[in-house]
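Remarks on the structure that follows.
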Amino acid sequence: MWELILNEYNLTSETLQLAQMRAELVSIGEKERILRQRSADREAYRYLLDAHRLAARTSLLEQGLNISPQDGGKDGQLAA
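In short: position in the sequence shown from 1, add 645, done, that's this note's numbering.
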């Protein structure tokens with residue numbers, strides 16, 4: 646595509662090389678942006694997974710504890 650545009654203007658080979666280098670830099674920048682976005686998505690996923698694990702662990706611990714109502718719990722559950 647770049648070659649077609651530049652050939653219309655009858656530009657030198659140096660200008661063509663610069664245009665190709667610029668196109669490569671744009672492509673590299675787009676790839677870096679995508680990688681940063683994927684990294685942020687993975688970090689958010691890890692955070693949510695850790696929160697889910699913590700909630701599940703807490704729930705299991707609460708279910709496993711035998712708390713009587715006189716210890717501050719209600720119907721054998723922890724008080725909120």
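Note that CB positions come from ideal geometry on N, CA and C, so glycine has one too.
What is the rounded straight-line gap between the Cα of residue i and the Cα of residue j?
i	j	result
ILE679	ARG687	12 Å
GLU669	ALA685	24 Å
ARG681	GLN665	24 Å
LYS676	ALA696	30 Å
SER689	LEU699	Checking the sequence, you will find Ala at residue 689 rather than Ser. Going by the C-alpha atoms only, they are around 15 Å apart.
GLY674	ARG683	14 Å
In the DSSP assignment, find the unbroken alpha helix (DSSP H) run with residue i in it and report its ends.
i	result
THR660	658-709
Grab me the residues of residue i's own chain with a C-beta within less than 6 Å of its C-beta, minus the 5 sequence neighbours each way, in chain order.
i	result
LEU706	none
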